[in-house]
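Novice: In this note's numbering, each residue carries its 1-based index in the sequence shown increased by 2. Quick reminder that beta carbons are idealized off the backbone N, C-alpha and C, glycines included. All values reported here derive from a predicted model rather than from experimental measurement. Here you go, one structure.
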Amino acid sequence: MKEMSTKVYIALFSLAISAFAIGTTEFVIVGLLQTVADDLAISVTKAGTLISGYAIALAIGTPIVTVITGRIPKKEFLLILMMVFIIGNAISAITGSYEVLMISRVITAIAHGVFFAIAAPVAADIVPENKKGTAISIMFTGLTVAMIAGVPMGTFIGQNFGWRATFGAVVILGVIGLIANIFAVDKVKKQANPPTLKDVGQLVKNPRILLALLMTALGFGGTFALFTFLAPILEEISGYSSDEIPLLLLVYGVAVAIGNILGGKMANQHPVRSLRFVFLLQVIVLLLQMWLLPSKVLSILSIVLLGLFAFMMSPGVQAYIVTLAEKLVPSAKDIASALNISAFNVGIAAGSTLGGLAVHYLTYLDTTWIGAIMVTFAFLLSVLNYKLDKKQKLF
Numbered sequence: 003m004k005e006m007s008t009k010v011y012i013a014l015f016s017l018a019i020s021a022f023a024i025g026t027t028e029f030v031i032v033g034l035l036q037t038v039a040d041d042l043a044i045s046v047t048k049a050g051t052l053i054s055g056y057a058i059a060l061a062i063g064t065p066i067v068t069v070i071t072g073r074i075p076k077k078e079f080l081l082i083l084m085m086v087f088i089i090g091n092a093i094s095a096i097t098g099s100y101e102v103l104m105i106s107r108v109i110t111a112i113a114h115g116v117f118f119a120i121a122a123p124v125a126a127d128i129v130p131e132n133k134k135g136t137a138i139s140i141m142f143t144g145l146t147v148a149m150i151a152g153v154p155m156g157t158f159i160g161q162n163f164g165w166r167a168t169f170g171a172v173v174i175l176g177v178i179g180l181i182a183n184i185f186a187v188d189k190v191k192k193q194a195n196p197p198t199l200k201d202v203g204q205l206v207k208n209p210r211i212l213l214a215l216l217m218t219a220l221g222f223g224g225t226f227a228l229f230t231f232l233a234p235i236l237e238e239i240s241g242y243s244s245d246e247i248p249l250l251l252l253v254y255g256v257a258v259a260i261g262n263i264l265g266g267k268m269a270n271q272h273p274v275r276s277l278r279f280v281f282l283l284q285v286i287v288l289l290l291q292m293w294l295l296p297s298k299v300l301s302i303l304s305i306v307l308l309g310l311f312a313f314m315m316s317p318g319v320q321a322y323i324v325t326l327a328e329k330l331v332p333s334a335k336d337i338a339s340a341l342n343i344s345a346f347n348v349g350i351a352a353g354s355t356l357g358g359l360a361v362h363y364l365t366y367l368d369t370t371w372i373g374a375i376m377v378t379f380a381f382l383l384s385v386l387n388y389k390l391d392k393k394q395k396l397f
């Protein structure tokens, strides 16, 4: 089996730096939800729409922009996207209103989604066939490190210097990512036949692709039903002070990183085979939170377990959709990746919205069983997809 060269690792880590900046801006709002709500004089539930709104914009904008810009060389386009990302966060850093903040989040979200839609196949293309899962997991490590360092540090900055300062820090991260990509990522060979709207049509008409996308959406939705409100849950239910939240998010992020690495290794062979076990364990973990989170001591175990399984599915579902598209609709591989990013965020929007309804009409802890139900459906779809793959001999 072929191994990856040092040059390839450098390119992958360069993409991971950008993923770190992008992941920080998407997820740091979780730790600042109460801070933003208080500053803008809105409810926590309305502040939560800054997460669901971001996700919806990403879900809708990603495939459309990916198709429209299909003829732009990939490296140059990645750089353009990082510049748009920097501008979007700069607007967030200076705004004084909820409406402008939402608009800036929409701008940032579209750059976010298209970046990953392009970067995932770039990462997969520069490595040997048997290392695709690992390559994608290295790129997504940027997201997990954002959970480890970016979100806790961003939360700390926001609580001590104001939430706008957090977005100012993200602008600096974006500039670092831009510079890293300029020097480390080689020019990518231009596609002879870039994706078109016809390719999108072929994908969305393919029942196997739709099943895979739905599995992604439900898996991530279950995570975000609870995760969106994790900071207020830790304060209101577990009994922690707001000053302790950054450290707890750090613990969560370390667990996320471990889960992502494990998920990448599991995805190298047959991604959906391992996803069956990931989703099943995630259901159990979410249900356990009803008993663990109310205890200040046991809530530490909660944070570790939630983090471990929160993104363990990421490399698997991304590798699966790219590989499935290569076999079923080869011309639409990039679009399949874009649609999967959309599916991530449809799930995030649905999960955070359902979680918000639970917080508004029920209790914080009701987000746990709502998330578990969503992941149960993802588990059932993973079982179905695995059986269909074996029947059709796709893997």
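Where does His114 land, buried or exposed, given buried means 16+ other C-beta within 10 angstroms?
Specialist: So His114 ends up on the buried side.
Novice: Taking Cβ positions, are Phe226 and Gly357 nearer each other than 8 Å?
Specialist: In this structure, Gly357 lies closer than 8 Å to Phe226 by Cβ.
Novice: Hey, which unbroken runs of the alpha helix (DSSP H) at 4 residues or more fall wholly within the region 21-65?
Specialist: You should have 35-42.
Novice: To the nearest angstrom, how far is it from the Cα of Lys392 to the Cα of Gly221?
Specialist: So the alpha carbons of these two residues sit roughly 22 Å apart.
Novice: The alpha helix (DSSP H) with Ala151 in it runs from where to where?
Specialist: It is not in any alpha helix (DSSP H) - Ala151 carries neither H nor E in the DSSP assignment.
Novice: Do you know how far the Cα of Tyr56 is from the Cα of Leu205?
Specialist: Straight-line Cα distance between these residues: approximately 24 Å.
Novice: What residues in its chain sit with their C-beta under 8 Å from that of Leu303, if we drop five residues either side in the sequence?
Specialist: For Leu303, where only same-chain residues beyond five positions count, the Cβ hits under 8 Å are Leu294.
Novice: Would Glu28 be called buried (16 or more neighbouring beta carbons within 10 Å of its own) or exposed?
Specialist: That one is buried.
Novice: Over what stretch of residues does the alpha helix (DSSP H) that includes Tyr322 continue unbroken?
Specialist: Where Tyr322 is concerned, the enclosing alpha helix (DSSP H) stretches over Ser316 to Leu330.
Novice: Would you call Val147 buried or exposed, if buried means 16 or more other Cβ atoms sit within 10 Å of its Cβ?
Specialist: Its Cβ being crowded by 16 or more others within 10 Å, Val147 is buried.
Novice: Beta-carbon within less than 6 Å of Ile372's beta-carbon, same chain only, minus the 5 sequence neighbours each way: which residues are those?
Specialist: Excluding sequence neighbours, Ile372 sits near Ala227, Leu356 and Ala360.
Novice: For Val280, which three-state DSSP category applies?
Specialist: Here Val280 sits in helix by DSSP.
Novice: Whole angstroms is fine: what's the gap from Ala18's alpha carbon to Val280's?
Specialist: So the two alpha carbons sit approximately 23 Å from each other.
Novice: Touching or not, the region 176-187 and the region 285-299, by the rule of three or more beta carbon pairs under 8 Å?
Specialist: Because the criterion of three Cβ pairs below 8 Å is not met, the region 176-187 and the region 285-299 do not touch.
Novice: Taking contact to mean at least 3 C-beta pairs separated by less than 8 Å, is the region 255-275 in contact with the region 318-337?
Specialist: Yes, the region 255-275 is in contact with the region 318-337.
Novice: Tell me which residue opens and which closes the alpha helix (DSSP H) that Arg210 is part of.
Specialist: Pro209 to Phe229 is the span of the alpha helix (DSSP H), which, as asked, contains Arg210.
Novice: Whether or not the region 362-377 and the region 244-255 are in contact is what I'm after, with contact meaning three or more pairs of Cβ atoms, one per stretch, closer than 8 Å; do they touch?
Specialist: Touching, no, given that fewer than three Cβ pairs across the two stretches are closer than 8 Å.
Novice: Is the CB-CB distance between Val38 and Thr68 below 8 Å?
Specialist: No; because the gap between Cβ atoms is not below 8 Å, this pair is not in contact.
Novice: Could you give the distance in angstroms between the alpha-carbon of Met400 and the alpha-carbon of Ala121?
Specialist: The requested residue 400 does not occur in the structure, where the chain is confined to residues 3 to 397.
Novice: Going by DSSP, what residue range makes up the alpha helix (DSSP H) through Pro248?
Specialist: Here the alpha helix (DSSP H) through Pro248 covers Ile247 to Met268.
Novice: Here's a check: name, in chain order, each residue in its chain whose Cβ is nearer than 8 Å to the Cβ of Leu326, leaving out the five neighbours to either side.
Specialist: Closer than 8 Å at Cβ, skipping near neighbours: Arg210, Ile211, Ala214, Ala338 and Leu396.
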